[in-house]
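> Just passing along the structure, written as structure tokens.
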Amino acid sequence: MSKYSAWSVFKNGLSGHKNWDRAWRDPEPKTEYDIVIVGGGLHGLATAYYLAKNHGLKNIAVVEKGWLGGGNAGRNTTIVRSNYMMPGNRDFYEHSLRLWENLSHELNYNVMFSQRSHVSLLHSPAAIDGAARRYNTMRLTGSDGELWDLPTLKRNIPHLNYGPDSRFPIRGAAVQRRAGTARHDAVAWGYARGADQHGVDILQNCELTGVQRDGNRVVGLQTSKGLIKAKKVGFAVAGSSSRVWQMAELGNLPIETHKLQAFVSEPLKPLLDHVVVFGVGGAHFYISQSDKGGMVFGGDLDWYKSYAQRGNLPIVQDVAECATSILPCLGRVRLLRHWSGLMDMSMDGASFICKTPLENLYLNAGWNYGGFKASPASGWYFADLIANNRPDPIIANHDLKRFERGCNIDERGAGPDPKLHG
Amino acid sequence: MIRINCPFCGERDHSEFGYGGDASIQYPALDAPAKDWIEAVFQRENIAGVQQETWQHTSGCRMWIVVERNTITHEIHSVKPAHPGTKTLLANAGDHQ
Chain A
298 MSKYSAWSVF
308 KNGLSGHKNW
318 DRAWRDPEPK
328 TEYDIVIVGG
338 GLHGLATAYY
348 LAKNHGLKNI
358 AVVEKGWLGG
368 GNAGRNTTIV
378 RSNYMMPGNR
388 DFYEHSLRLW
398 ENLSHELNYN
408 VMFSQRSHVS
418 LLHSPAAIDG
428 AARRYNTMRL
438 TGSDGELWDL
448 PTLKRNIPHL
458 NYGPDSRFPI
468 RGAAVQRRAG
478 TARHDAVAWG
488 YARGADQHGV
498 DILQNCELTG
508 VQRDGNRVVG
518 LQTSKGLIKA
528 KKVGFAVAGS
538 SSRVWQMAEL
548 GNLPIETHKL
558 QAFVSEPLKP
568 LLDHVVVFGV
578 GGAHFYISQS
588 DKGGMVFGGD
598 LDWYKSYAQR
608 GNLPIVQDVA
618 ECATSILPCL
628 GRVRLLRHWS
638 GLMDMSMDGA
648 SFICKTPLEN
658 LYLNAGWNYG
668 GFKASPASGW
678 YFADLIANNR
688 PDPIIANHDL
698 KRFERGCNID
708 ERGAGPDPKL
718 HG
Chain B
3 MIRINCPFCG
13 ERDHSEFGYG
23 GDASIQYPAL
33 DAPAKDWIEA
43 VFQRENIAGV
53 QQETWQHTSG
63 CRMWIVVERN
73 TITHEIHSVK
83 PAHPGTKTLL
93 ANAGDHQ
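And the structure:
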């Protein structure tokens, strides 16, 4: 498989770009693999990549029921940040951000990671104090974070609603400059190509239909392309974790599936060069501008449990209200598309990367709203767990028993109600 | 928009209601072992299909109701008061006025 470079672009240009190699193979499944990852989303592909790259393992497959980039990989708002405070989350997301910073070079694939700053608007002295605490924690643990006063914010983003009649006047902002956005499809394709170059079989249109067990071991996976035997299996199917968990006859998970919508407007000239977040008094809104010019934004969950990959209209209205209240200049911008993805909403808003009651089954689930930014570190630590059969200390509390131990990782302090962890 | 037929108010948009959660959960006795409480508070069947769930008619009568709804299609099969007997109680209260 050839390496991408300026020279390869030039060379392929000479033949009209008709002779590029496939980015990854399309193999038929073998009858048996050492490791099978269920779920060809960002987390599953990253896991396969790091299993091969970091741990030198061979004979790995990723099974995906649809096509790469067709699930949550293509249903997010592409925001990357590490402004988490709780132990467990702090180190994990910081590691993820560091992987993002070098990801295009690592994968030899331009994931268009743009560190354009994540700007959380603050509307009261109490909110500023809360943000100061969070951002001081970040700075004390090797990350970056700063508070912008109103003049600084106005200088950087002059067209927010600073008017005297705004319902929630803006007082300042908490900013992480190293945060930003990335090209979501490129992340899936980059990891897929990287994994494939290391010999991983990526099996698309290969749906898991059953899990064959022998006592407390998984022996094989029934798929739409036949039976695939496996020595170790990893589930990375956030959104549908409960369904595959029940296929393995393992009962209940501390997860509910909810849906989250995202929106993109018609393309505009450059308007916003930061990620802006507005969250106060029931409003919840985040927005950035894509490289094509579309305003990419989102808000709250649809508020009821659902497996339908389509959003409801009351949330469209909510999000539109947030958009026009914070950026009134968007009032006449037309919506181009909106979509909805399935979220594994967990009981404390944190994820699971852990062993399971079955000896050779591993679980990666419960990503709530935060799956996109987490994907590099998720793959990194999940691969480490599968390869070494023990969790790294950083993810020691990302297991299913943390609720029993009282070790909830509840960043928002919302309690055991999945829909509140947005 | 999902339309929910509130047993007290009639059919309304779901945006008038607040979503509760899984209505099949039975909370154990207060002195039950911790594992029973962990099961009830944290573990969910998370059904893809027809499930029983609680909603509250927050912008209407404020009563809690149990809705039988398909989580894939959003089709509603039945709606009933969360506390059996409420409707009779209310009707009888009316008789005494």
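Chains A and B supply the protein sequences, listed in that same order. So the number in the numbering used here is just where the residue sits in the first sequence, counting from 1, plus 297. So the number in the numbering used here is just where the residue sits in the second sequence, counting from 1, plus 2. Note that CB positions come from ideal geometry on N, CA and C, so glycine has one too.
1) Looking at chain B, is there any beta carbon in it that lies within less than 8 Å of the beta carbon of Y601(A)?
2) Shorter than 8 Å from the beta carbon of Y604(A) to some beta carbon of chain B?
3) List the DSSP bridge partners of V69(B).
4) Determine, for P654(A), whether the minimum Cβ-Cβ distance to residues of chain B falls below 8 Å.
5) What do you reckon, are the CB atoms on A479(A) and F389(A) nearer than 8 Å?
6) Can you check whether the CB of A680(A) is closer than 8 Å to the CB of T344(A)?
7) What separation, rounded to the nearest whole angstrom, lies between the Cα atoms of Y280(A) and G337(A)?
8) Just the Cα atoms here: how many angstroms apart are G646(A) and I692(A)?
9) Taking C-alpha atoms, which residue in W317(A), K362(A) and G460(A) lies nearest to C626(A)?
10) Ordered along the chain, which non-local residues of its own chain (more than five positions away) have a Cβ less than 8 Å from that of G22(B)?
11) How many whole angstroms separate the CB atoms of T73(B) and Y301(A), which I take to be in contact at a CB cut-off of 8 Å?
12) R634(A) to A559(A), Cα distance in whole Å?
13) From the DSSP output, read off the bridge partner residues of C651(A).
14) Are the Cβ atoms of S414(A) and H571(A) separated by less than 8 Å?
15) Counting only beta-carbon separations shorter than 8 Å, does E701(A) have a partner in chain B?
16) Cα-Cα, which of W636(A), S299(A), F649(A) and G367(A) is closest to A483(A)?
17) Under a CB-based cut-off of 8 Å, is Q28(B) close to chain A?
18) Going by DSSP, which residues form a beta bridge with G12(B)?
19) I need the DSSP call for E553(A), collapsed to helix, strand or coil.
20) What are the residues of the region 520 to 553 of chain A that lie near chain B, defined by any Cβ-Cβ distance shorter than 9 Å?
21) Anything in chain B within Cβ reach of N609(A), meaning under 7 Å, just list it in chain order.
22) With respect to the beta strand (DSSP E) encompassing S417(A), which residues constitute its N-terminal and C-terminal limits?
23) Across which residues does DSSP place R510(A) in a beta bridge pair?
24) In this structure, does DSSP put Q99(B) in helix, strand or coil?
25) With the cut-off set at 8 Å, would you say S417(A) and R468(A) are in Cβ contact?
26) Do we get a CB-CB distance below 8 Å when we pair M409(A) with the residues of chain B?
27) Kindly indicate the opening and closing residues of the beta strand (DSSP E) around E443(A).
28) Where do the N-terminal and C-terminal ends of the beta strand (DSSP E) with A492(A) fall, by residue?
29) Starting from H76(B), find everything on chain A with Cβ-Cβ shorter than 8 Å and list it in chain order.
30) Strictly below 9 Å CB to CB, what residues from chain A border G62(B)?
31) Could you run through the region 641 to 653 of chain A and flag, in chain order, every residue whose CB is less than 8 Å away from some CB of chain B?
32) Using a cut-off of 8 Å between C-beta atoms, extract the partners of P713(A) located in chain B.
33) For L500(A), write down the residues that DSSP places opposite it in a beta bridge.
34) Compute the Euclidean distance between the alpha carbons of M557(A) and S312(A), then round it to the nearest angstrom.
35) Looking at chain A, which residues of the region 30 to 41 of chain B have a Cβ within less than 9 Å of any of its Cβ atoms?
36) Please list the partners that S17(B) has in chain A, where partner means a Cβ-to-Cβ separation under 8 Å.
In short:
1) yes
2) yes
3) E55(B) and V81(B)
4) No - not a single Cβ of chain B is within 8 Å of the one on P654(A).
5) no
6) yes
7) No answer is possible for residue 280(A): the residues shown for chain A start at 298 and end at 719.
8) 15 Å
9) G460(A)
10) For G22(B), where only same-chain residues beyond five positions count, the Cβ hits under 8 Å are E55, T56, W57, Q58 and W66.
11) Between Y301(A) and T73(B) the Cβ distance is about 43 Å, and since that is not below 8 Å, they are no contact.
12) 9 Å
13) L660(A)
14) yes
15) yes
16) Checking every option, the nearest Cα to that of A483(A) belongs to G367(A).
17) False, the Cβ-Cβ gap to chain A never drops below 8 Å.
18) C8(B)
19) strand
20) Look at the region 520 to 553 of chain A: the residues with a C-beta under 9 Å from a C-beta of chain B are S537, S538, S539, R540, W542, Q543, G548, N549, L550, P551, I552 and E553.
21) M3
22) H415 to L419
23) V515(A)
24) With a pLDDT of 47 at Q99(B), under the threshold of 50, the modelled position of this residue cannot be trusted; read the value that follows with caution. Three-state DSSP puts Q99(B) in coil, outside helix and strand.
25) No, Cβ-Cβ distance for S417(A) and R468(A) is not below 8 Å.
26) no
27) Taken as a continuous stretch (DSSP letters only), the beta strand (DSSP E) holding E443(A) covers E443 to D446.
28) Following the DSSP letters along the chain, one finds A492(A) in no beta strand (DSSP E) but inside the alpha helix (DSSP H) bounded by residues H481 to Q494.
29) S603 and A605
30) In chain order: nothing, as chain A lies at least about 15 Å away.
31) Within the region 641 to 653 of chain A, the residues whose Cβ lies closer than 8 Å to some Cβ of chain B are M644, listed in chain order.
32) V43 and F44
33) For L500(A), the beta-bridge partners assigned by DSSP are V360(A).
34) Before going further, note that residue 557(A) is Leu rather than Met in the sequence given. Going from the Cα of L557(A) to the Cα of S312(A) covers about 43 Å.
35) A36, K37, I40 and E41
36) P611
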